[in-house]
Ligand code: AMP
């Protein structure tokens, strides 16, 4: 496994691999790797000949009040995990390598970014789609894997790839969870013991919605209200950022449960913001 810190160097390497007819698989991350990232790497490994992992905490996707400075980092541990999974190259650039002269050009996916997290984190998805485009231009992957954990991000990337004819096939990875159901996230590290116990609230409210839908409930407003009440009644110290039920294709809200839906939410425990979701197909 090789670690590249310079764009030109990894580009040279990938050019050589491509000349040999190798298929390049890619998983972009912000590091502090966990089993969720590992599962994406395993999917990419199976579908490619050369596996590339990028680790870059991308400043332009963080808002001014967000956790850029304290975002958890542990490159030594990440290197170990990457080696275990069989990563061939880690691209681990410094900020000045990616943004040597600031940035004036952005990629922005409209409409899909108006909802859910996009409404709450202004400019976030523009930062994500811009860095992913830059990384795709550098790595030129044949395939890339993104997690359903960030369901909106996944749809936004898929739309960007479609709209801009980017020659990379996108695969979706399932959400990996702790034993009690909490979705793995680098940000779980911020939680105190007490917060960690209550962090399961969002997942439990998704289960509550799932149960109601399975029992035939189709009224979205009613289900969302139940989710909210359920969290407020059973858990402490939680501020609900949003709970939404939308069409998974276009992320628009709907009044009735039908088709492929995304039930998504974000909660705050203190300053820590956690997201989770469930995708359901209703016949
Ligand atoms: P991040 O490092 O948080 O930017 O995430 C990098 C990639 O890992 C994204 O495609 C995420 O959706 C994915 N990811 C994060 N957490 C999980 C998880 N618990 N299960 C599966 N994929 C995840």
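Numbering (this note's numbering), first residue to last: 789 to 1071. For each residue, glycine too, the CB sits at the ideal point set by N, CA and C.
I'd like to confirm something about residue i: is its beta-carbon nearer than 7 Å to some heavy atom of the ligand AMP, or not?
i	result
residue 921	no
residue 941	yes
residue 1056	no
residue 934	yes
residue 970	no
residue 842	no
residue 974	yes
residue 937	yes
residue 1004	no
residue 964	yes
residue 886	no
residue 918	no
Here's a check: name, in chain order, each residue in its chain whose Cβ is nearer than 8 Å to the Cβ of residue i, leaving out the five neighbours to either side.
i	result
residue 1025	982, 983, 986, 1057 and 1058
residue 948	895, 897, 917, 920, 921 and 954
residue 1042	1008, 1033, 1034, 1035 and 1049
residue 889	none
Is residue i near the ligand HEM, judged by its Cβ being under 7 Å from some heavy atom?
i	result
residue 828	No copy of the ligand HEM occurs in the structure displayed; its ligands are the ligand AMP alone.
Excluding sequence positions up to five away, which residues of its chain have a Cβ less than 6 Å from the Cβ of residue i?
i	result
residue 1068	1049
residue 791	878 and 880
Looking at C-alpha atoms only, which residue of the options is the closest neighbour of residue i?
i	options	result
residue 977	815, 799, 820 and 964	820
residue 926	849, 879 and 971	879
residue 851	909, 972 and 994	909
residue 958	877, 1038, 813 and 805	813
residue 960	937, 905 and 975	937
residue 1021	789, 904 and 990	990
residue 853	1002, 911 and 979	911
residue 843	1006, 891, 956 and 864	864
Once you ignore the five residues that flank residue i on each side, which residues in its own chain have a CB closer than 7 Å to its CB?
i	result
residue 847	856 and 883
residue 1015	993, 996, 997 and 1031
residue 1047	1035 and 1070
On the DSSP bridge list, what partners appear for residue i?
i	result
residue 815	841
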